[in-house]
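All remarks here apply to the structure that follows.
Number of protein chains: 2
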Amino acid sequence: MSKPYIVIIAGGKGERFWPKSRSSKPKHLLPVVGTSPLLTQTLKRVRGLAPAGHIFVITSAVQAAEVRQCCRNLVPAANVVAEPVGRDTAAAVGLAALLVAQRDPEGVFAVLPADHVIHDTKAYRVDLKAAFAAAAADRVMVTIGISPTEPATGFGYIQRAGLWRECGGRPVYRVKRFVEKPQPSVAKGYLKSGDYVWNAGMFVWSVPVVAAAFAQHAPELAKGLAKISSAIGRGRPLKETLAKIYPTLPRISVDYALLEKSPNVVVIPSSFDWDDVGAWPAVVKHFPADTSGNVCRGHVVVEQGRGNLVMSEGKHLVTLLGVDDLIVVHTPDATLVCPKSKAQDIKALLKRVEVLERGARWL
Amino acid sequence: MSKPYIVIIAGGKGERFWPKSRSSKPKHLLPVVGTSPLLTQTLKRVRGLAPAGHIFVITSAVQAAEVRQCCRNLVPAANVVAEPVGRDTAAAVGLAALLVAQRDPEGVFAVLPADHVIHDTKAYRVDLKAAFAAAAADRVMVTIGISPTEPATGFGYIQRAGLWRECGGRPVYRVKRFVEKPQPSVAKGYLKSGDYVWNAGMFVWSVPVVAAAFAQHAPELAKGLAKISSAIGRGRPLKETLAKIYPTLPRISVDYALLEKSPNVVVIPSSFDWDDVGAWPAVVKHFPADTSGNVCRGHVVVEQGRGNLVMSEGKHLVTLLGVDDLIVVHTPDATLVCPKSKAQDIKALLKRVEVLERGARWL
Numbered sequence: 003m004s005k006p007y008i009v010i011i012a013g014g015k016g017e018r019f020w021p022k023s024r025s026s027k028p029k030h031l032l033p034v035v036g037t038s039p040l041l042t043q044t045l046k047r048v049r050g051l052a053p054a055g056h057i058f059v060i061t062s063a064v065q066a067a068e069v070r071q072c073c074r075n076l077v078p079a080a081n082v083v084a085e086p087v088g089r090d091t092a093a094a095v096g097l098a099a100l101l102v103a104q105r106d107p108e109g110v111f112a113v114l115p116a117d118h119v120i121h122d123t124k125a126y127r128v129d130l131k132a133a134f135a136a137a138a139a140d141r142v143m144v145t146i147g148i149s150p151t152e153p154a155t156g157f158g159y160i161q162r163a164g165l166w167r168e169c170g171g172r173p174v175y176r177v178k179r180f181v182e183k184p185q186p187s188v189a190k191g192y193l194k195s196g197d198y199v200w201n202a203g204m205f206v207w208s209v210p211v212v213a214a215a216f217a218q219h220a221p222e223l224a225k226g227l228a229k230i231s232s233a234i235g236r237g238r239p240l241k242e243t244l245a246k247i248y249p250t251l252p253r254i255s256v257d258y259a260l261l262e263k264s265p266n267v268v269v270i271p272s273s274f275d276w277d278d279v280g281a282w283p284a285v286v287k288h289f290p291a292d293t294s295g296n297v298c299r300g301h302v303v304v305e306q307g308r309g310n311l312v313m314s315e316g317k318h319l320v321t322l323l324g325v326d327d328l329i330v331v332h333t334p335d336a337t338l339v340c341p342k343s344k345a346q347d348i349k350a351l352l353k354r355v356e357v358l359e360r361g362a363r364w365l
Numbered sequence: 003m004s005k006p007y008i009v010i011i012a013g014g015k016g017e018r019f020w021p022k023s024r025s026s027k028p029k030h031l032l033p034v035v036g037t038s039p040l041l042t043q044t045l046k047r048v049r050g051l052a053p054a055g056h057i058f059v060i061t062s063a064v065q066a067a068e069v070r071q072c073c074r075n076l077v078p079a080a081n082v083v084a085e086p087v088g089r090d091t092a093a094a095v096g097l098a099a100l101l102v103a104q105r106d107p108e109g110v111f112a113v114l115p116a117d118h119v120i121h122d123t124k125a126y127r128v129d130l131k132a133a134f135a136a137a138a139a140d141r142v143m144v145t146i147g148i149s150p151t152e153p154a155t156g157f158g159y160i161q162r163a164g165l166w167r168e169c170g171g172r173p174v175y176r177v178k179r180f181v182e183k184p185q186p187s188v189a190k191g192y193l194k195s196g197d198y199v200w201n202a203g204m205f206v207w208s209v210p211v212v213a214a215a216f217a218q219h220a221p222e223l224a225k226g227l228a229k230i231s232s233a234i235g236r237g238r239p240l241k242e243t244l245a246k247i248y249p250t251l252p253r254i255s256v257d258y259a260l261l262e263k264s265p266n267v268v269v270i271p272s273s274f275d276w277d278d279v280g281a282w283p284a285v286v287k288h289f290p291a292d293t294s295g296n297v298c299r300g301h302v303v304v305e306q307g308r309g310n311l312v313m314s315e316g317k318h319l320v321t322l323l324g325v326d327d328l329i330v331v332h333t334p335d336a337t338l339v340c341p342k343s344k345a346q347d348i349k350a351l352l353k354r355v356e357v358l359e360r361g362a363r364w365l
């Protein structure tokens with residue numbers, strides 16, 4: 003097959019790691035784990051799987067400048083494409099397919115999230131190569147599913163059916179169904195059965211397969227995408243075309259719009275470690291803790307406290323006295339104090355900030 | 003009697019209101035309650051009870067500049083005297099007596115703390131005038147005891163005996179004994195009996211009475227003070243003399259050194275409101291709370307939290323999510339997070355800060 007393409011989806015609203023993350027600097031632009039932004043880590047991880055010119059990054063207008071900064075020497079600047087407005091993942095995948103189709107109407111491409119933490123780059127590349135091989139071999143939509151390590155209730159699951167074939171040394175299974183985030187008892191059953199993997203939003207497929215799926219399962223989206231395709235085919239600038247048509251596309255996830263409805267989905271269970279580092283509490287396991295289980299970054303003193311995550315920027319000293327299992331994150335203009343158990347409610351907090359006079363300056 | 007003198011003791015290490023208070027800016031230099039520093043509030047409260055030239059402020063070297071700033075237009079700069087080192091309250095009272103004796107060897111003077119919150123200035127002045135009258139009338143050591151409003155365990159108590167006489171319209175009682183901070187059950191008994199008042203460190207007496215008490219009950223201190231007196235009598239500069247002799251004085255409280263041992267102590271139960279605002283939790287009742295009992299100053303958002311005290315300086319936003327009864331104080335260079343119930347352990351925290359490399363810059 004010809005060289006594959008890789009489209010990194012670098013979206014996200016920057017809420018879950020507030021106040022470090024902001025709308026203009028979401029998780030993938032932060033070194034949440036490691037020393038470089040997660041987007042940079044992702045781009046380095048895929049290096050060699052496709053030529054640099056075959057790699058695209060789809061992001062939002064507000065993040066575009068900083069995303070281009072992260073992409074320097076890794077992706078041509080012209081391959082960083084900004085959505086004028088967010089329209090969920092189906093539209094982004096459609097845009098990805100258009101970008102690839104311009105170069106190669108038969109092209110095989112991967113859609114990958116920008117903000118996951120994966121250390122075993124070797125295994126990751128083996129799995130992706132297997133996925134590229136599967137997508138090139140037949141008209142299938144290939145997903146890489148994460149082999150679950152716990153009965154997580156925060157992810158959707160994919161139930162596999164029988165073996166479809168082996169590709170690149172990896173088993174590829176037919177998919178029986180996609181299931182929503184389960185209740186704890188249900189999740190335990192999934193884990194025990196061994197038939198379920200986590201849906202991590204990693205897909206590999208060819209332009210014709212994606213186009214056919216849009217046409218069949220998401221005709222309204224397909225129509226909007228066709229307009230964009232036709233406009234750029236007539237030489238209209240991409241940015242201007244997106245500004246005009248993209249906002250008219252329906253908001254829908256690619257899982258719901260295409261994958262759950264398609265019969266030709268297959269799955270490769272991952273052989274690499276994976277962490278989506280979904281919110282502050284997930285950061286803890288990536289940093290060393292003190293003898294009381296406190297993870298501290300920057301100038302921090304914890305007295306009579308256990309299991310806290312404390313981050314301070316610059317020369318500011320953050321001190322905790324007599325508190326346990328708290329998240330305290332200090333940045334130059336905003337501070338968050340919240341129990342680990344409440345981190346999922348940060349959106350409610352940010353809604354309150356949003357209604358403040360000039361609250362937007364902190365978002 | 004000739005016009006009395008007033009000596010304000012403006013010491014303190016600035017620990018209990020950290021990070022707002024620092025060693026160079028303790029509680030009396032902060033507007034902990036109200037809009038001006040507590041020292042300024044104290045000086046305004048005594049205005050008119052004595053001529054400005056009869057008012058002295060004793061402070062520490064590290065605080066002297068800022069104390070003089072607070073005293074502008076209220077106390078002559080030369081009347082602000084800095085201890086070269088802290089030597090507890092007996093030495094400070096001895097120094098006060100020396101300062102007064104220089105002007106009037108028979109002078110009556112009050113020793114008053116700089117960092118209490120008192121709103122009823124009128125009643126306060128009535129009580130102080132009564133105390134001046136009592137101290138001028140006979141060789142007694144007059145204390146103003148705070149009429150207790152709860153069985154507090156954080157203060158020493160003074161048990162009164164029978165009525166000594168009336169002065170300035172206020173009853174003055176003989177003192178039976180001074181008692182240390184009591185256990186809760188004991189404190190309840192004190193409150194119920196009606197015979198006990200809180201020892202708030204407010205004393206009024208004449209130079210000869212204090213001098214006699216030092217000579218009899220604290221001879222070593224008396225000797226040191228005599229050396230200072232003799233040196234300044236010979237025209238030596240006060241600052242130089244204090245630098246030389248003050249560090250040799252024994253460290254002891256005036257309660258322990260003089261009052262507990264003297265038979266001629268009398269007490270006037272206060273007729274004014276009083277709050278020593280001993281630590282962060284005590285601040286709460288002086289500010290309005292929101293409907294969830296949160297007291298917030300500056301840019302603050304509390305979501306799903308009750309009974310918190312949150313203070314932010316400048317343009318920094320402090321947010322709390324899902325926490326109750328927490329104290330969060332943010333200053334430009336340091337932040338404190340601590341449950342109200344742990345505020346008394348702040349010294350342990352500051353000891354930890356002290357051992358940090360460059361930790362002193364935050365103290």
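Residue numbers (this note's numbering), protein chains in the order written: chain Y, 3 to 365; chain D, 3 to 365. Glycine is no exception: its CB is placed at the ideal position from the N, C-alpha and C atoms. Bear in mind the structure is a predicted one, so any value in this text is a computation, not a measurement.
Your pair V209 of chain D and G109 of chain D checks out as a contact, with CB atoms roughly 5 Å apart and the cut at 8 Å. The residue among Y:S149, Y:V174 and Y:A66 with its C-alpha nearest the C-alpha of D275 of chain Y is Y:S149.
Per the Cβ contact rule, the region 337-353 of chain D is in contact with the region 314-333 of chain Y (3 or more Cβ pairs under 8 Å).
At a cut-off of 7 Å between beta-carbon atoms, G13 of chain D makes no contact with chain Y. In the displayed model, A202 of chain Y falls within a strand according to three-state DSSP. In this chain, the beta strand (DSSP E) harbouring Q161 of chain D covers Y159 to C169. The C-beta distance from A92 of chain Y to A259 of chain Y rounds to 4 Å, short enough to meet the 8 Å contact threshold. Interface annotation for the region 317-329 of chain D against chain Y: K317, H318, L319, V320, T321, L322, L323, G324, V325 and L328, criterion Cβ-Cβ distance under 8 Å. For the C-beta of R167 of chain Y, not a single chain D residue is nearer than 7 Å; the gap to the nearest is close to 49 Å. Rounded to the nearest whole angstrom, the C-alpha separation of V355 of chain Y and V302 of chain D is 9 Å. One thing to note: V331 of chain Y has its Cβ within 7 Å of the Cβ of P21 of chain Y. Excluding five sequence positions before and after T243 of chain D, the CB atoms of its chain that fall closer than 7 Å to its own CB belong to I230, A233 and I234, given in chain order. Where V48 of chain D is concerned, the enclosing alpha helix (DSSP H) starts and stops at L40 to V48. When DSSP assignments are scanned along the region 277-349 of chain D, the uninterrupted stretches of alpha helix (DSSP H) that are 4 or more residues long and fall wholly within it turn out to be 282-285. The three-state secondary structure of S208 of chain D, taken from DSSP, is strand. Residues of chain D with a Cβ closer than 8 Å to the Cβ of T243 of chain Y do not exist; the shortest Cβ-Cβ separation is about 39 Å. Secondary structure note for R18 of chain Y: it is in no alpha helix (DSSP H), with a DSSP letter that is neither H nor E.
Contact between the region 170-182 of chain Y and the region 125-134 of chain Y is present: three or more C-beta pairs spanning the two stretches fall below 8 Å.
The Cβ atoms of I60 of chain D and L97 of chain D lie closer than 7 Å to each other. In the structure shown, the three-state DSSP call for A52 of chain D is strand. Interface with chain D (7 Å Cβ-Cβ cutoff): T337 of chain Y is included.
Contact of W282 of chain Y with chain D by beta-carbon distance below 7 Å is absent, the smallest such distance being about 11 Å. Rounded to the nearest angstrom, the Cβ distance from G13 of chain Y to K29 of chain Y is 10 Å, too far for a contact under 8 Å. Within the DSSP bridge table, the entry for G147 of chain Y names Y:N201 and Y:P271 as partners. Taking every protein chain shown into account, the CB of E305 of chain Y has 16 or more other CB atoms within 10 angstroms, so this residue is buried. Between T155 of chain D and K183 of chain D, the CB-CB gap stays under 7 Å. Nearest CB-CB separation between E68 of chain D and chain Y: not below the 7 Å threshold. Each residue's CA atom was taken as its position, placing K190 of chain Y and E152 of chain Y some 8 Å apart. By the rule that beta-carbons nearer than 7 Å mark a contact, L114 of chain D does not touch chain Y. Taken atom to atom, the span from the alpha-carbon of F180 of chain Y to that of D335 of chain D is near 50 Å. Distance between V206 of chain Y and V102 of chain Y, taken at the CA atoms: about 12 Å. When CB distances to chain Y are screened at a threshold of 7 Å, not a single residue of the region 131-157 of chain D falls below it.
The residue among Y:G309, Y:V144 and Y:A94 with its C-alpha nearest the C-alpha of V9 of chain Y is Y:A94.
Rounded to whole angstroms, the gap between the alpha carbons of K344 of chain D and A52 of chain Y is 57 Å. Rounded to whole angstroms, S38 of chain D and S4 of chain D show a C-alpha spacing of 31 Å.
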